[in-house]
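Following this line, the structure appears as structure tokens:
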């Protein structure tokens, strides 16, 4: 349970930082937290199915295609949450890189 809370907080902070540099729109700061929660739910439910379905592409690309899946998850989060908007695939791709790096940092810091 604590791991999921940390991930939601890391996703929230990553979204907030990304919004400082990229054209991400959020109606209120609360929408960043809601986006972190929705992204966590989407990653728990839909992402594993996509990872399994795209194993051949992932093997050919040596795992780089996972960034595309992460981008789709961020676009899905943007579509599901009114008040949180990511304008396109390119911006979502950059956000997915930032979120991925933030989550890697979290894993590195945890014992």
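Residue numbers (the numbering used here): 14 to 124.
Each residue gets a CB set at the ideal place from its N, CA and C atoms; glycine is no exception.
Check	Outcome
By how many angstroms is the C-alpha of residue 35 removed from the C-alpha of residue 54?	23 Å
Buried or exposed for residue 16, going by 16 or more other Cβ atoms inside 10 Å?	exposed
Does the beta-carbon distance from residue 22 to residue 49 come in below 8 Å?	yes
Grab me the residues of residue 41's own chain with a C-beta within less than 8 Å of its C-beta, minus the 5 sequence neighbours each way, in chain order.	96
Shortest alpha-carbon distance to residue 27 belongs to which of 85, 114, 123?	114
Going by Cα to Cα distance, which pick from 30, 72, 18 is closest to residue 131?	Summary: the structure shown does not reach residue 131, with the chain confined to residues 14 through 124, and so no result is reported for it.
Look at residue 67 and residue 46 and say whether their C-beta atoms are less than 8 Å apart.	no
Would you identify the three-state DSSP class for residue 40, choosing helix, strand or coil?	coil
Compute the minimum distance between the beta carbon of residue 51 and the heavy atoms of the ligand FAD, and state whether it is under 7 Å.	With respect to the ligand FAD, the structure shown offers nothing to examine, as it has no ligands at all.
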